[in-house]
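Input: a single structure, listed below in structure tokens.
Number of protein chains: 2
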Amino acid sequence: MSRASDRAYGTIREMIMSGEFAPGDALGEEALAERCGVSRTPVRDALRRLEADMLITRTGTQRSFVADWSLDDIADVFELRAMLEGYAAQRAAERMDDDTLKALRACNAELRKAVSTSPPNVDLFLERNREFHALILESAASRKLVALLASVIEQPVVWRTAHHYGEEELRRSCSEHDEVLAAFARRDGDWAEAIMSSHIRRAFHAYADAHRGLTAIDKSGRMRMA
Amino acid sequence: MSRASDRAYGTIREMIMSGEFAPGDALGEEALAERCGVSRTPVRDALRRLEADMLITRTGTQRSFVADWSLDDIADVFELRAMLEGYAAQRAAERMDDDTLKALRACNAELRKAVSTSPPNVDLFLERNREFHALILESAASRKLVALLASVIEQPVVWRTAHHYGEEELRRSCSEHDEVLAAFARRDGDWAEAIMSSHIRRAFHAYADAHRGLTAIDKSGRMRMA
DNA sequence: GGGTTCCATATTGTATACAATTCGAGTCGG
DNA sequence: CCGACTCGAATTGTATACAATATGGAACCC
Chain A
1 MSRASDRAYG TIREMIMSGE FAPGDALGEE ALAERCGVSR TPVRDALRRL EADMLITRTG
61 TQRSFVADWS LDDIADVFEL RAMLEGYAAQ RAAERMDDDT LKALRACNAE LRKAVSTSPP
121 NVDLFLERNR EFHALILESA ASRKLVALLA SVIEQPVVWR TAHHYGEEEL RRSCSEHDEV
181 LAAFARRDGD WAEAIMSSHI RRAFHAYADA HRGLTAIDKS GRMRMA
Chain B
1 MSRASDRAYG TIREMIMSGE FAPGDALGEE ALAERCGVSR TPVRDALRRL EADMLITRTG
61 TQRSFVADWS LDDIADVFEL RAMLEGYAAQ RAAERMDDDT LKALRACNAE LRKAVSTSPP
121 NVDLFLERNR EFHALILESA ASRKLVALLA SVIEQPVVWR TAHHYGEEEL RRSCSEHDEV
181 LAAFARRDGD WAEAIMSSHI RRAFHAYADA HRGLTAIDKS GRMRMA
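Going down the list, the protein sequences come from chains A and B. First residue of the first sequence? That's 1 in full-length UniProt numbering, and the numbers climb one at a time after it. First residue of the second sequence? That's 1 in full-length UniProt numbering, and the numbers climb one at a time after it.
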């Protein structure tokens with residue numbers, strides 16, 4: 001898309017992701033426009049996209065605020081992701097061709113490489129991991145599924161805390177990917193669905209455990225994301 | 001939201017739904033603005049929303065076209081809807097309170113009333129049916145699920161063809177709703193999920209059968225929506 | 001003190017003008 | 001006849017000005 005609108009989107013998104021804006025903070029169009037060096041018009045576009053991403057919420061009068069997520073909300077998103085990615089894996093298994101399978105194997109090999117160093121290269125891991133899941137999603141061949149998962153997959157919270165994964169968790173992820181590949185090789189949709197769903201669920205609990213250790217949860221059940 | 005932007009959204013949506021614009025038609029902002037009696041600014045807002053609804057698609061250079069749906073695409077959407085509504089029903093069953101259950105029973109009673117006349121009052125049926133499913137979705141208490149289902153639930157194709165349901169299908173829908181309610185009354189999440197999922201799947205096949213009888217499918221596998 | 005009304009201010013909605021880009025027809029050369 | 005190129009027309013992107021509306025606090029009444 002266009003330059004200014006994209007820059008606004010990226011800039012605001014980054015500010016939210018990095019925690020520069022805390023959940024609940026008000027986001028005025030004028031202020032954002034100045035901060036991004038563009039006019040309000042592309043900012044409004046960006047805000048619409050960010051709303052779709054659920055990174056911001058809007059009041060009845062269209063005022064924007066940084067979304068805040070309760071632990072329940074986060075669990076919720078992971079649950080949906082587990083379901084949708086499981087479904088994607090099932091469809092992918094039924095449609096898998098040998099070329100894609102080879103590509104997935106290569107991708108997971110690189111994942112292993114990222115983990116084998118010490119300390120592990122987490123950024124590379126995340127990039128390859130994203131690629132792995134993207135390949136599967138593509139193989140699922142469902143336009144709507146792509147749209148749904150896109151809105152669920154890149155959540156701010158998850159993104160920021162992936163760095164807290166331990167080496168053991170990273171390694172286990174690779175093993176689970178292997179099992180997904182085995183299911184693909186046998187075109188076993190149910191197996192692929194089950195293992196993928198469980199893969200995502202484990203990721204959530206790893207996240208929740210790590211996060212519980214790092215941040216306090218106040219009496220209302222909300223946790224600080226910053 | 002604001003008046004002009006809403007009017008643009010509603011007007012364009014209606015034009016697509018009614019078939020005034022055929023799938024594949026180009027939608028210029030200027031032309032739409034004039035047709036809606038507003039300027040391009042609110043039209044651009046509306047187009048963004050319609051894109052999220054997947055009622056229109058956009059090229060790499062942001063030109064807009066009325067989306068066209070293959071039979072596979074439609075099957076796809078129903079499959080996702082079956083999964084998501086099944087999940088919603090499961091969560092709803094686990095959280096169901098007596099007041100909501102009573103409201104659902106009343107709602108289904110009205111559904112029956114809409115069917116009992118001859119000819120059946122299809123508009124009333126659709127309205128109450130929407131209410132029934134909305135109540136369940138609300139009880140599921142998942143913000144993200146609401147967002148996902150919203151983008152899947154009101155598809156143009158489905159909406160327009162619901163009128164083709166036969167009296168027998170309408171009656172069966174009520175019975176299936178009864179079974180969902182029975183599952184709710186027992187707080188049996190798995191049962192609720194299974195019956196709801198099957199409810200949606202049956203709706204799809206009823207739609208597909210009715211539609212196959214009414215419209216031709218050309219050699220590319222695409223079907224006319226108008 | 002608690003609540004209400006009112007108004008200045010801030011914020012969002014819309015229209016319009018203009019810049020940047022894209023599309024496609026027509027042309028030229030092979 | 002086909003393909004690459006060019007340029008005018010059409011379309012989208014952005015900035016800005018102004019209108020409409022919401023917000024928050026001060027003044028006010030009970």
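Note that the Cβ used here is the ideal one computed from N, Cα and C, for glycine as well. Predicted model only: the values in this text are computed from it and were never measured.
Going by C-alpha positions, residue 19 of chain B is about 16 Å away from residue 164 of chain B.
For residue 42 of chain B, the CB contacts under 6 Å within the same chain, skipping 5 residues up- and downstream, are 4, 5, 8 in chain order. CA-to-CA, the gap between residue 112 of chain B and residue 174 of chain B works out to about 6 Å. Listed in chain order, the beta strand (DSSP E) runs fully inside the UniProt domain "HTH gntR-type" (2-69) of chain B are 56-58, 64-66, counting runs of at least 3 residues. In the three-state reduction of the DSSP assignment, residue 87 of chain B falls in the helix class.
Chain order gives the chain B residues near residue 48 of chain A as 45, 48, 49, 52, where near means a beta carbon separation below 9 Å. The C-beta of residue 201 of chain B comes no closer than 9 Å to any C-beta of chain A.
Within its own chain, the residues whose Cβ lies closer than 8 Å to the Cβ of residue 84 of chain A, once the five positions on either side in sequence are excluded, are 145, 148, 149, 152, listed in chain order. Sequence-ordered contacts of the stretch 169-184 of chain B with chain A are nonexistent [C-beta pairs closer than 8 Å]. Taking C-beta atoms as the reference points, residue 24 of chain B and residue 68 of chain B count as a pair closer than 9 Å. Contact annotation for residue 87 of chain B against chain A: 79, 80, 83 [CB-CB distance below 9 Å, chain order].
Under the Cβ criterion of 9 Å, residue 145 of chain B is counted among the residues facing chain A. In the DSSP assignment, residue 133 of chain A falls within the alpha helix (DSSP H) that extends over 122-140.
Neighbours of residue 142 of chain B in chain A, taken as residues whose beta carbon is under 7 Å from its own, are 76 in chain order. In this structure the stretch 189-208 of chain A lies against the stretch 90-99 of chain A, because at least three pairs of beta carbons, one per stretch, are closer than 8 Å. Residue contact check for residue 66 of chain A against chain B: no CB pair falls below 9 Å. Of all residues in the stretch 10-36 of chain A, none is placed with a Cβ closer than 7 Å to any Cβ belonging to chain B. Here DSSP, grouped into helix, strand and coil, assigns residue 96 of chain B to coil. Taking 9 Å as the CB threshold, residue 55 of chain B stays off the interface with chain A.
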